[in-house]
Amino acid sequence: MTIEVTKDLTSTTYQDALAIRTTVFVEEQNVPADLEVDSEEARAVYFVAYDQGLALGTARLLKEDYGYHVQRVAVLKAYRHHGIGAQLLGAIIDYAQAHDAAELRLGAQLTAVGFYKALGFQLTETPEFLDAGIRHREMAMNLTD
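Start counting the sequence shown at 1; every next residue gets the next number (full-length UniProt numbering).
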């Protein structure tokens with residue numbers, strides 16, 4: 001397993017990230033395509049997990065005042081529960097620490113809260129919210145401890 005990182009919107013890595021996001025969010029979860037690809041694309045850092053050249057999972061990071069906002073975490077259905085998401089988040093944590101970020105935050109779909117807790121994220125005080133019609137909770141990880 002390798003994790004490629006890019007900011008280049010013309011790269012194959014970015015195109016692979018979009019393909020995974022379209023499959024998982026637009027096709028499986030019925031998120032409108034115009035919400036999935038948004039105005040933040042150009043300022044994000046993209047992570048894509050590959051196994052033998054096949055793109056299996058993705059996530060993106062947005063730089064914020066507190067550190068980074070983790071978004072668009074997705075693994076293709078056939079490859080879930082194989083540690084790919086954990087490897088992606090591990091790469092994101094390493095990247096954020098290497099860039100002196102104090103904190104990571106994300107909006108976790110309710111079905112994924114346990115996954116993020118197992119990686120060290122904690123629920124914040126922010127109440128449950130809807131994002132693209134899907135119930136979420138804000139979670140955070142302090143990187144300065």
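Where is the CB? At the ideal position from N, CA and C, for every residue including glycine. Only a predicted model underlies this, so the values are computations on that prediction, with no experimental measurement involved.
Cutoff 6 Å; reference residue i; Cβ partners in own chain excluding five residues on either side
{"i": "Val5", "result": "Phe47"}
{"i": "Gln71", "result": "Arg60"}
{"i": "Leu110", "result": "Arg135"}
{"i": "Leu119", "result": "Leu89"}
Which of helix, strand or coil DSSP assigns to residue i
{"i": "Tyr50", "result": "strand"}
{"i": "Asp8", "result": "coil"}
{"i": "Gly83", "result": "coil"}
{"i": "Ala55", "result": "strand"}
{"i": "Asp34", "result": "helix"}
Sheet register partners of residue i (DSSP bridge)
{"i": "Gln29", "result": "Gln29 pairs with nothing; no bridge assigned."}
{"i": "His69", "result": "Leu62 and Arg105"}
{"i": "Ala140", "result": "Arg105 and Gln122"}
{"i": "Ala74", "result": "Thr58"}
{"i": "Asp100", "result": "DSSP output for Asp100 lists no bridge partner at all."}
{"i": "Arg135", "result": "Leu130"}
{"i": "Thr13", "result": "Beta-bridge pairing links Thr13 to no other residue."}
Rounded distance between the beta-carbons of residue j and residue i, thought under 8 Å
{"i": "Thr58", "j": "Ala74", "result": "6 Å"}
Close Cβ partners of residue i (< 8 Å) along its chain, the five nearest in sequence each way excluded
{"i": "Glu138", "result": "Arg105, Leu106, Gly107, Ala108, Leu123, Thr124, Thr126 and Phe129"}
{"i": "Ala102", "result": "Tyr66, Gly67, Asn142, Leu143 and Thr144"}
{"i": "Glu64", "result": "Arg105"}
Close-in-space but distant-in-sequence residues of the same chain around residue i (CB under 7 Å, 5 per side omitted)
{"i": "Thr2", "result": "Tyr50"}
{"i": "Thr23", "result": "Leu76"}
Legend entry - Sufficient close CB pairs (3 or more, under 8 Å) joining the segment 77–94 to the segment 33–41: no
Legend entry - Cβ pair count under 8 Å reaching 3, the segment 121–137 against the segment 71–87: no
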